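S.K.:
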Amino acid sequence: MSFNIEQKDNFNIITLTIDAFGGAEFTAFTKFLEENNSLGHNLVFDISKTKEMDSEAMHQLTAFQEGSYNLNKSFVICCDNEDLYDDFQMLFPTDTMIIAPTREEAIDVVMMDILERELMGGEEDSDEAMNYFAPDDD
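Counting in the numbering used here, the sequence shown tops out at residue 139, every number present.
#1: Does the separation of the CB atoms of M54 and F22 fall below 7 Å?
#2: According to DSSP, F76 sits in a beta bridge with which residue or residues?
#3: Please classify A107 as buried or exposed, where buried requires at least 16 other C-beta atoms within 10 Å of its C-beta.
#4: To the nearest whole angstrom, what separates the beta carbons of T18 and K50, a pair I think is in contact under 8 Å?
#5: Can you tell me the Cβ-Cβ gap for F76 and F46, rounded? I've got them flagged as a contact below 8 Å.
#6: Going by CA-CA distance only, name the one from V111, E35, T97, L116 that's closest to M59.
#7: Out of N11, F4, S56, D84, which has the shortest C-alpha to C-alpha gap to L92?
#8: Going by CA-CA distance only, name the one from E36, G24, I48, A25 that's closest to I15.
#9: Taking only three categories from DSSP, how would you classify T63?
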């Protein structure tokens, strides 16, 4: 399997475990999401282990992200590979993709999106987001 999944209360983290990601792999990605009941959920897509991605897959991810936000769901890419990050920036120079350099920052973006939707009157349950940002009592 090319993907791992971590299911949280308000979002899922999908980790890509292959070196190259193209159009065929995008199809496998959406099928994986469907099989794991993750379509229509807030997602972090961690591509940090991926070394290359073709422009077709980048465009598909952009369309997927736009569709997610149209459904009031977050889709944030985690990418600590500078070359791949630069490829995204060259293809999408106007910040059309939400890409975070670390998993923690990607989770922060998702949590902030959840809180923002809650504050704007969305029906998202923000308990996990509130707990995530609450200081530890230790």
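We put the CB at the ideal spot given by N, CA and C, even for glycine. Please read all numbers here as calculations on a predicted model, not as lab measurements.
M.R.: According to the structure shown:
#1: yes
#2: L44
#3: buried
#4: 6 Å
#5: 7 Å
#6: T97
#7: S56
#8: I48
#9: helix
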